[in-house]
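Using our numbering, the letters of the sequence shown map in sequence onto residues 3 to 194. Don't be surprised by glycine CBs; every beta carbon is placed ideally from N, CA and C.
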Amino acid sequence: MEFLKRLTKNIPTLATAIMLAIAVWVLAVTNIDPVEKRNITRPISVEVIGLGSDLIIANDYPEQVSITLSAPTSVWNGSLAASTSIRAIADLTGLEAGNHIVPVKLQIDARPIRIDAFTPETITVNLEKLDSKSFSIKLVQPSTPAIGFEAGPPTFSVTTAKVSGPESLVERVDEVRAILDINQASEDINRD
Numbered sequence: 003m004e005f006l007k008r009l010t011k012n013i014p015t016l017a018t019a020i021m022l023a024i025a026v027w028v029l030a031v032t033n034i035d036p037v038e039k040r041n042i043t044r045p046i047s048v049e050v051i052g053l054g055s056d057l058i059i060a061n062d063y064p065e066q067v068s069i070t071l072s073a074p075t076s077v078w079n080g081s082l083a084a085s086t087s088i089r090a091i092a093d094l095t096g097l098e099a100g101n102h103i104v105p106v107k108l109q110i111d112a113r114p115i116r117i118d119a120f121t122p123e124t125i126t127v128n129l130e131k132l133d134s135k136s137f138s139i140k141l142v143q144p145s146t147p148a149i150g151f152e153a154g155p156p157t158f159s160v161t162t163a164k165v166s167g168p169e170s171l172v173e174r175v176d177e178v179r180a181i182l183d184i185n186q187a188s189e190d191i192n193r194d
């Protein structure tokens, strides 16, 4: 009984001693390895994953994120210095054709760390069906060779071209042209 009385009487002193020990430990750790808040200066590209093989992104979207992190100095100099330690991922798994707002998720291979801010937090993507059509190549010859030279009929190594892309854009293609500029040419021309 006497022991319990003394223990109960000393609990406030014991609790104060533990709190002071934790405060001294935190102060020592932060003085040795202080936490710094920094902007990531290297470009972090948005990785798009899960896009269906029959779909294509038909609009422009932010392809890089800007990030502000807080971490101890040792983490900044260690694992955060690696170029592969931070990834920004937009997962399109299961999405169909149409407009979608997709969250950007960060994966950081460093601890301890706090994400203070990053933009954009979401990206808007317009998914369209992937389409392709073949067209005959039409020759456009807007010029003539140098005086005293005559141009023979051009020969193509390929006579058709395959156009691939978002369905709405492929449907707008009427023809494929090859422009052959022989302006002032005085010898054979062989070019792509």
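Judged by DSSP secondary structure, Thr75 falls within the alpha helix (DSSP H) whose first and last residues are 75 to 79. Here Glu38 is near Pro74, since their CB atoms are less than 9 Å apart.
Ser170 sits in a helix when the DSSP states are folded into three classes. Exclusion of the five residues before and after Ala112 leaves Ala73, Val77, Ser81, Leu82, Ser87 as the residues of its chain whose Cβ lies within less than 7 Å of its Cβ.
In the structure shown, the three-state DSSP call for Phe5 is helix. DSSP, reduced to helix, strand and coil, places Val28 within a helical segment of the structure shown.
When secondary structure is reduced to three states using DSSP, Ala83 falls in the helix class.
Counting C-beta atoms within 10 angstroms of its own C-beta, Ala19 has fewer than 16 neighbours from the protein chains shown and is therefore classed as exposed. Under a 10 Å Cβ-count criterion, Ile51 is classified as exposed, with fewer than 16 other Cβ atoms of the shown protein chains found around its own Cβ. In terms of CA proximity to Thr126, Asp62 leads the group Asn79, Asp62, Val67. With three or more CB-CB distances shorter than 8 Å, the region 179 to 194 counts as touching the region 137 to 146. Taking C-beta atoms under 8 Å as the contact rule, Ser136 and Thr162 qualify, at a distance of about 5 Å. Counted as a single uninterrupted DSSP element, the stretch harbouring Val175 is not any beta strand (DSSP E), since DSSP gives it neither H nor E.
Beyond the five residues adjoining it in sequence on each side, Val175 comes within less than 6 Å, by CB distance, of Val165 in the same chain, given in chain order. Counting along the chain, the unbroken beta strand (DSSP E) around Thr126 starts and ends at 124 to 142. DSSP places Arg89 inside the beta strand (DSSP E), whose first and last residues are 88 to 93. Rounded to whole angstroms, the Cβ separation of Ser47 and Ala90 is 7 Å, and the two are in contact under 8 Å.
For Phe120, the enclosing beta strand (DSSP E) has its first and last residue at 116 to 121.
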